[in-house]
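What follows is a short report on a single structure.
There are 4 protein chains.
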Amino acid sequence: MAQAPPLPARFPFWTEEKLRIADTDMNGHINNGAIGAYCEAGRAEVLHEIAGPPPDRSVAMVVARVEIDYLRELHYPGRVRIGTAVSRIGTSSFGLEQALYSGEACFAAARSVMVVMDHQTRRPIPIPAALRDVLTRLEPIA
Amino acid sequence: MAQAPPLPARFPFWTEEKLRIADTDMNGHINNGAIGAYCEAGRAEVLHEIAGPPPDRSVAMVVARVEIDYLRELHYPGRVRIGTAVSRIGTSSFGLEQALYSGEACFAAARSVMVVMDHQTRRPIPIPAALRDVLTRLEPIA
Amino acid sequence: MAQAPPLPARFPFWTEEKLRIADTDMNGHINNGAIGAYCEAGRAEVLHEIAGPPPDRSVAMVVARVEIDYLRELHYPGRVRIGTAVSRIGTSSFGLEQALYSGEACFAAARSVMVVMDHQTRRPIPIPAALRDVLTRLEPIA
Amino acid sequence: MAQAPPLPARFPFWTEEKLRIADTDMNGHINNGAIGAYCEAGRAEVLHEIAGPPPDRSVAMVVARVEIDYLRELHYPGRVRIGTAVSRIGTSSFGLEQALYSGEACFAAARSVMVVMDHQTRRPIPIPAALRDVLTRLEPIA
Chain A
1 MAQAPPLPAR
11 FPFWTEEKLR
21 IADTDMNGHI
31 NNGAIGAYCE
41 AGRAEVLHEI
51 AGPPPDRSVA
61 MVVARVEIDY
71 LRELHYPGRV
81 RIGTAVSRIG
91 TSSFGLEQAL
101 YSGEACFAAA
111 RSVMVVMDHQ
121 TRRPIPIPAA
131 LRDVLTRLEP
141 IA
Chain B
1 MAQAPPLPAR
11 FPFWTEEKLR
21 IADTDMNGHI
31 NNGAIGAYCE
41 AGRAEVLHEI
51 AGPPPDRSVA
61 MVVARVEIDY
71 LRELHYPGRV
81 RIGTAVSRIG
91 TSSFGLEQAL
101 YSGEACFAAA
111 RSVMVVMDHQ
121 TRRPIPIPAA
131 LRDVLTRLEP
141 IA
Chain C
1 MAQAPPLPAR
11 FPFWTEEKLR
21 IADTDMNGHI
31 NNGAIGAYCE
41 AGRAEVLHEI
51 AGPPPDRSVA
61 MVVARVEIDY
71 LRELHYPGRV
81 RIGTAVSRIG
91 TSSFGLEQAL
101 YSGEACFAAA
111 RSVMVVMDHQ
121 TRRPIPIPAA
131 LRDVLTRLEP
141 IA
Chain D
1 MAQAPPLPAR
11 FPFWTEEKLR
21 IADTDMNGHI
31 NNGAIGAYCE
41 AGRAEVLHEI
51 AGPPPDRSVA
61 MVVARVEIDY
71 LRELHYPGRV
81 RIGTAVSRIG
91 TSSFGLEQAL
101 YSGEACFAAA
111 RSVMVVMDHQ
121 TRRPIPIPAA
131 LRDVLTRLEP
141 IA
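Line by line, the protein sequences are chains A, B, C and D.
Here my numbering is used: the first residue of the first sequence is 1, the next is one more, and so on.
Here my numbering is used: the first residue of the second sequence is 1, the next is one more, and so on.
Here my numbering is used: the first residue of the third sequence is 1, the next is one more, and so on.
Here my numbering is used: the first residue of the fourth sequence is 1, the next is one more, and so on.
Below is the structure:
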């Protein structure tokens, strides 16, 4: 990731997480895996916003791919804010873009691919029109 | 633990944690280990309150023992509140008592023993008078 | 825990776990929560031994209480061995005793209470005779 | 990731991890974050192989980027094997390629970027010749 980190103004949806001692590792900073858990919190909350709690959803949505760029070290204690946007809407999958901030500093950027599946068959299906509609409203700003 | 769970009014110090998907397990509820991490968050914040950040502390304080009673299952999503009190002050150790609440319901109760040690020798030393003083102010209420 | 740590010869059942970087924390050692996860691995494997995989069990068994004494610091990398014994058999609950070793050194000792419940009602029921029988065979040795 | 998952024969270096209950989540499978921890274990062990334990290393090596494709669900209990190869050697960074197997099935594939830094300045520096040499020996096989 050679380009500048994304600006907060790009993201229509926000999640806040609180750092834990169990998130740190022997390098004295927050472990990469905990940063993945903050991204997961952001994904879970945006899906809840657009499709309700998992049992109420007309389709299943599973993570097929995650990429994370670690831009700066993060240290306990503190809180972080995770911005999320829907960066791509395909036939049966969509992309999420996320940036994670500690104060004003962006310490990580992430992209993920979510696949829309039938609850029973667990196979990909086209994104229903109603879901497509709400995904559109969460595209990156400006 | 046959007796009734502790009442919130007993605790002078409070911490809030937010549940994560990574805290859940295949039983569909919050894993016992995550409940231990919420207790650790409460301990870390009460120590910060009484002794400042770790590098500024005149002594080291380490956990020697933890007991947790799991009273009810806890489910994602949500927030929990952890009440902490200093239940015992000994020569070179002190006890913490904690109760964890989801809304009004107490889902876990914990007791731990903290040992006060010299930073260099890593051996127990008597609790300094100033620390003993602030510990006294965090005894259980009523 | 003033008495000497338990000797390995006491335990009829053994589990091995491998330390992970994500198990460490900013204190440079293995986090207390990871030590709780090693105890959980030991409990899960002993229950599998005595009652088969969870879907095949005639009753549900849930952890009601865990106590852990942290005796020494543990450092990455390495493997640990967890000894487990059935220390008490009651009407509808039983106790497990565990000790955790790194090489020859016991770094933690744990006791837990498991409650036997009906799968449907999720209420405690008497331990079935067949389960009581296998629990007896896992009592501490000498 | 449209192409076929990588074959085990491609990887010169192998790590084994054991699944834990704490690695599962409420979806009944192994959580994505735990899969990230298995990749981290593979990275840590390959770095130990090529450069010794962290305090002995002539340079620091930090993860700048991780991408993971989740190809199949993974369920507790079990063990997984993580194959690792050095897929790219640049001026001051190198790439790792990993594939994770449960039995014969590849359930995840990962790529990461490691940056070589000076211990004191924490800024990127050219990969020393001796390190470059050992990295070359871990390139993908055929």
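All C-beta atoms in this analysis are idealised placements derived from N, C-alpha and C, irrespective of residue type, glycine included.
Remember, it's a predicted structure, so these values are computed and weren't measured experimentally.
Worksheet item: Under the DSSP definition of a beta bridge, which residues are partnered with ARG81(C)?
Response: According to DSSP, ARG81(C) bridges with GLU16(C), TYR101(C).
Practice prompt. Anything in the region 23-39 of chain C with a Cβ closer than 7 angstroms to a Cβ of chain A? List those residues in chain order, please.
Written response: Of all residues in the region 23-39 of chain C, THR24, ASP25, MET26, GLY28, ASN31, GLY33 have a Cβ within less than 7 angstroms of some Cβ in chain A.
Worksheet item: Does the Cβ of HIS112(A) have 16 or more other Cβ atoms within 10 Å, making it buried, or fewer, making it exposed?
Response: A small correction: the amino acid at residue 112(A) is Ser; His does not occupy that position in the sequence shown. Residue burial annotation: SER112(A) is buried, with at least 16 other C-beta atoms found within 10 angstroms of its C-beta.
Practice prompt. Using alpha carbons as the reference points, say which of ARG65(A), ALA44(A), ASP69(A), GLY95(A) lies closest to ARG57(A).
Written response: Proximity to ARG57(A) across ARG65(A), ALA44(A), ASP69(A), GLY95(A) peaks at ALA44(A), based on C-alpha coordinates.
Fill in: At least three beta-carbon pairs within less than 8 angstroms, the region 32-47 of chain A to the region 94-101 of chain A
The region 32-47 of chain A vs the region 94-101 of chain A: in contact.
Worksheet item: What in chain C is Cβ-close to ILE68(A), meaning under 7 angstroms?
Response: The contacting residues do not exist; ILE68(A) stays about 15 angstroms from chain C at best.
Practice prompt. State yes or no: is the beta carbon of ALA64(B) nearer than 8 angstroms to at least one beta carbon in chain C?
Written response: In terms of beta-carbon proximity, ALA64(B) lines the interface with chain C, with at least one pair separated by less than 8 angstroms.
Fill in: Residues that ALA51(A) contacts on chain B, provided the C-beta gap is smaller than 7 angstroms
Those within 7 angstroms of ALA51(A) in chain B number zero; the least Cβ separation is about 14 angstroms.
Discussion item. Going by C-alpha to C-alpha distance, which of PRO126(C), ARG88(C), ASN31(C), THR84(C) sits closest to LEU7(C)?
Written reply: Comparing Cα positions, the closest option is THR84(C).
Fill in: When ILE89(D), PHE107(D), VAL116(D), GLU67(D) are compared against PRO140(D), the one with the closest alpha-carbon
For PRO140(D), the closest C-alpha among the options ILE89(D), PHE107(D), VAL116(D), GLU67(D) is that of ILE89(D).
Worksheet item: Three-state secondary structure (DSSP) at TYR70(B)?
Response: Three-state result, TYR70(B): strand.
Worksheet entry | the region 21-35 of chain B contacting the region 10-19 of chain C, beta-carbon criterion three pairs below 8 angstroms | Taking 8 angstroms as the limit for Cβ pairs, the verdict is that the region 10-19 of chain C does not touch the region 21-35 of chain B.
Worksheet item: So, is the C-beta of ALA60(A) closer than 8 angstroms to a C-beta in chain B?
Response: It does not; no Cβ of chain B falls within 8 angstroms.
Discussion item. Between which residues of its own chain and VAL62(D) is the CB-CB distance below 8 angstroms, once the five residues before and five after are set aside?
Written reply: Exclusion of the five residues before and after VAL62(D) leaves MET114, VAL115, MET117 as the residues of its chain whose Cβ lies within less than 8 angstroms of its Cβ.
Item to complete: Could you give the DSSP three-state label for ALA64(A): helix, strand or coil?
Response: In this structure, ALA64(A) counts as strand in the three-state DSSP scheme.
Fill in: For HIS29(B), the nearest candidate out of MET26(D), ASN31(D), ILE30(D) (CA to CA)
Checking every option, the nearest Cα to that of HIS29(B) belongs to MET26(D).
Item to complete: State the Cα-Cα distance for the pair PRO144(D) and PRO54(B), rounded to the nearest angstrom.
Response: The structure shown does not extend to residue 144(D), since chain D is modelled only from 1 to 142, so the question has no answer here.
Worksheet item: Quick one: does ARG57(D) have its CB under 8 angstroms from some CB of chain C?
Response: With 8 angstroms as the cut-off, ARG57(D) does not count as an interface residue toward chain C.
Discussion item. Strictly below 7 angstroms CB to CB, what residues from chain B border ARG20(A)?
Written reply: Residues of chain B passing the Cβ test: ALA37, ALA41.
Practice prompt. Find out if the Cβ-Cβ distance for the pair PRO128(A), VAL59(A) is shorter than 8 angstroms.
Written response: In contact: PRO128(A) and VAL59(A) (Cβ atoms closer than 8 angstroms).
Fill in: Top-ranked residue by Cα proximity to ASP133(B), from ALA51(B), ALA105(B), ASP69(B)
Per the Cα distances, ALA51(B).
Discussion item. So for LEU140(D), helix, strand or coil by DSSP?
Written reply: Reading off the sequence, residue 140(D) comes out as Pro, not Leu. It is coil, neither helix nor strand.
Worksheet item: In the structure shown, what three-state DSSP assignment does LEU131(B) receive?
Response: DSSP places LEU131(B) within a helical segment (H, G or I) once states are collapsed to three.
Worksheet entry | Contacts of GLU17(B) in chain A (Cβ-Cβ under 8 angstroms) | Neighbourhood of GLU17(B) in chain A, by CB distance below 8 angstroms: LYS18, ARG20, in chain order.
Practice prompt. Tell me whether ILE30(C) sits in a helix, a strand or coil according to DSSP, three-state version.
Written response: ILE30(C) falls in the strand class under three-state DSSP.
Worksheet item: Under 8 angstroms, do PRO5(D) and ALA109(D) count as touching if we go by C-beta distance?
Response: Against a cut-off of 8 angstroms, the Cβ pair of ALA109(D) and PRO5(D) comes out as a contact.
Item to complete: Say whether chain D places a C-beta atom closer than 8 angstroms to the C-beta of ALA44(C).
Response: ALA44(C) has a beta carbon lying within less than 8 angstroms of a beta carbon in chain D.
Item to complete: Indicate whether at least one CB of chain C lies closer than 8 angstroms to the CB of TYR76(A).
Response: True, the Cβ-Cβ gap to chain C drops below 8 angstroms.
Practice prompt. Measure the C-alpha to C-alpha separation of ARG86(C) and ALA64(C) and round it to an integer number of angstroms.
Written response: The question names Arg, yet the displayed sequence has Val at residue 86(C). Straight through space, the alpha carbons of ALA64(C) and VAL86(C) are spaced by roughly 15 angstroms.
Discussion item. Let me check understanding here. Comparing Cα to Cα, which of GLN3(C), ALA34(C), LEU135(C), GLN120(C) lies closest to HIS75(C)?
Written reply: Distances from the alpha-carbon of HIS75(C) to those of GLN3(C), ALA34(C), LEU135(C), GLN120(C) put ALA34(C) closest.
Worksheet item: Taking the alpha carbon of ASN31(D) as the point to measure from, which residue in VAL66(D), TYR70(D), HIS48(D) has its own alpha carbon closest?
Response: Taking each of VAL66(D), TYR70(D), HIS48(D) in turn and checking the Cα distance to ASN31(D), the smallest one comes out for TYR70(D).
Item to complete: Using alpha carbons as the reference points, say which of ILE68(B), ARG79(B), GLN3(B) lies closest to LEU96(B).
Response: Comparing Cα positions, the closest option is ILE68(B).
Discussion item. Once DSSP output is grouped into helix, strand and coil, what is the label at ALA109(C)?
Written reply: In the three-state DSSP reduction, ALA109(C) falls in the strand class (E or B).
Worksheet item: What residues in its chain sit with their C-beta under 7 angstroms from that of PRO77(B), if we drop five residues either side in the sequence?
Response: Beyond the five residues adjoining it in sequence on each side, PRO77(B) comes within less than 7 angstroms, by CB distance, of LEU19 in the same chain, given in chain order.
Fill in: In DSSP terms, what LEU96(B) is bridged to
VAL86(B), SER112(B), per the DSSP bridge assignment.
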